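Engineer: Okay, so the sequence shown: first residue is 1 according to full-length UniProt numbering, each after it adds one. C-beta: ideal position from N, C-alpha, C; glycine also. A quick note: this is a predicted structure, and the numbers were derived from the prediction, not measured.
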Amino acid sequence: DALADGADDTDTVDDCQALRAFEPVRRGTACAFARRARLWGGPAWRPRLPLAANAAACAPRLRLFCRVCAELGLDGFVIRLVGEHLCGDFRRFSAAVYGTLSTLAACNTGGGGDCMAEPHRLHQTGWVFRFHGQTFFVTTFAPFYGPEDSRFAFGASDGFLLLQPELSFAQHDLPPDTPHTNWGGAEEGDGHQTVRDRIRCAFRDAGQAYRIRDTTVYPMIEDIVMPPKSMGSADLPEGS
């Protein structure tokens, strides 16, 4: 039964284990929107079930999220991944995230088909994660990231996927992506800083500067699970 599986039968979309476990990230991140973001979470993790079954269990809630996110002003859907075998290092976490997204995509009944069905398309610039009529920007956090990483979990012992519907960025008037950043220094003059500029500066000032590409046209999937800086493969942005 649910309790024997470690699940909580009182779990609801906005009061659940996934959101409670995610709270250290929500409180700690330098993102200006995090503390006031309206989030839903997936159902309680069942440790006796495999990853695919836990991921599939998220599909009904995510489907409902997609139907009401615009009306309710929802900003993100949190999926919790539990266990060192899934979140212990970059490679295992990457595989777990890929498996989760693949399972969810296969559960998509809202049009657009299975966005993960053709692996060769995932690294094309036009690819985006789609589910039930919504497109999502997917961010991940895990305990193996250090405090110098923007995906740092702030002491949380689990891994997380944060699925942000792209429409939420428009609701918050976030300007279009750009490779240029106004870092606010003397070399920038008195130019106005956008919300995006301030977010990038906040992460830099927190010691968590993240890679900013010199183009806005790149495969989105490459930024879903970022390598930790300890691997020596992350390029820091200018001004860090």
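1) Assess, as a yes-or-no matter, whether the region 96 to 115 is touched by the region 47 to 62 under the definition of 3 or more beta carbon pairs within less than 8 Å.
2) In terms of residues, what are the limits of the alpha helix (DSSP H) holding residue 24?
3) If you reduce the DSSP assignment to three classes, tell me which class residue 57 lands in.
4) Throw me the rounded Cβ distance for the residue 96 and residue 81 pair, which I believe falls under 8 Å.
5) Whose C-beta lies closer than 7 Å to the C-beta of residue 25 among residues of the same chain, with five residues either side of it excluded?
6) Which value, in whole angstroms, describes the spacing of the CA atoms of residue 186 and residue 47?
7) Under 8 Å, with one C-beta from each stretch per pair, do the region 65 to 85 and the region 163 to 170 reach the 3-pair mark?
8) Roughly how many angstroms lie between the CA atoms of residue 49 and residue 228, to the nearest whole one?
9) If you draw a straight line from the C-alpha of residue 182 to the C-alpha of residue 196, how long is it?
10) What is the rounded straight-line gap between the Cα of residue 139 and the Cα of residue 204?
11) Apart from the five residues on each side of it in sequence, which residues of its chain come closer than 6 Å, Cβ to Cβ, to residue 110?
12) Give me the Cα-Cα distance between residue 212 and residue 124, rounded to the nearest whole angstrom.
13) Roughly how many angstroms lie between the CA atoms of residue 118 and residue 184, to the nearest whole one?
14) If you compare alpha carbons, which of 76, 83, 108 and 22 is closest to residue 51?
15) With 16 as the cutoff for other CB atoms within 10 Å, does residue 43 come out buried or exposed?
16) Enumerate in chain order the residues of its own chain whose CB-to-CB distance from residue 219 is below 7 Å, with the five nearest sequence positions on each side excluded.
17) Could you say which of 145, 130, 223 and 198 lies nearest to residue 231 if we only look at CA atoms?
18) According to DSSP, which residues form a beta bridge with residue 134?
19) Does DSSP classify residue 186 as helix, strand or coil?
Structural biologist: The relevant details are as follows:
1) yes
2) Here residue 24 is taken as the residue at index 24 of the sequence shown, counted from 1. That run of the alpha helix (DSSP H) goes 17 to 28.
3) To locate residue 57, count along the sequence shown from 1; it is residue 57. In this structure, residue 57 counts as helix in the three-state DSSP scheme.
4) Here residue 96 is taken as the residue at index 96 of the sequence shown, counted from 1. Here residue 81 is taken as the residue at index 81 of the sequence shown, counted from 1. Residue 96 to residue 81, Cβ: 5 Å. Contact.
5) Counting from 1 along the sequence shown, the entry for residue 25 is found at position 25. 141, 153, 154, 156 and 160.
6) As a first step, residue 186 must be located in the sequence shown, where it is residue number 186. As a first step, residue 47 must be located in the sequence shown, where it is residue number 47. Unreliable positioning characterises residue 186 in this predicted model, as indicated by a pLDDT of 47, which lies under 50. The coordinate reading is nonetheless provided below. C-alpha separation (whole angstroms): 53 Å.
7) yes
8) If you number the sequence shown from 1, residue 49 lands on position 49. If you number the sequence shown from 1, residue 228 lands on position 228. Going by the C-alpha atoms only, they are around 28 Å apart.
9) Taking the first residue of the sequence shown as 1, we reach residue 182 at position 182. Taking the first residue of the sequence shown as 1, we reach residue 196 at position 196. Answer to the nearest angstrom: the Cα atoms are 9 Å apart.
10) As a working note, residue 139 is residue 139 in the sequence shown. As a working note, residue 204 is residue 204 in the sequence shown. C-alpha separation (whole angstroms): 18 Å.
11) Within the sequence shown, residue 110 is the residue found at index 110, counting from 1. Closer than 6 Å at the Cβ level, and outside the excluded window around residue 110, lie 132 and 133.
12) The residue you call residue 212 lines up with position 212 of the sequence shown. The residue you call residue 124 lines up with position 124 of the sequence shown. C-alpha separation (whole angstroms): 19 Å.
13) The residue you call residue 118 lines up with position 118 of the sequence shown. The residue you call residue 184 lines up with position 184 of the sequence shown. Looking at the two C-alpha atoms, the distance is approximately 43 Å.
14) For the purposes of this step, residue 51 is taken as residue 51 along the sequence shown, with counting starting at 1. Per the Cα distances, 83.
15) The residue you call residue 43 lines up with position 43 of the sequence shown. Its Cβ being crowded by 16 or more others within 10 Å, residue 43 is buried.
16) Locating residue 219 in the sequence shown gives position 219, counting from the first residue. Contacts found: 123, 124, 125 and 127.
17) Position 231 of the sequence shown, counted from the start, is the residue given in the question as residue 231. Minimum Cα distance to residue 231 is reached at 145.
18) Taking the sequence shown and counting its residues from 1, one reaches residue 134 at position 134. 131.
19) Position 186 of the sequence shown, counted from the start, is the residue given in the question as residue 186. With a pLDDT of 47 at residue 186, under the threshold of 50, the predicted position of this residue should be treated as unreliable, and no value is reported.
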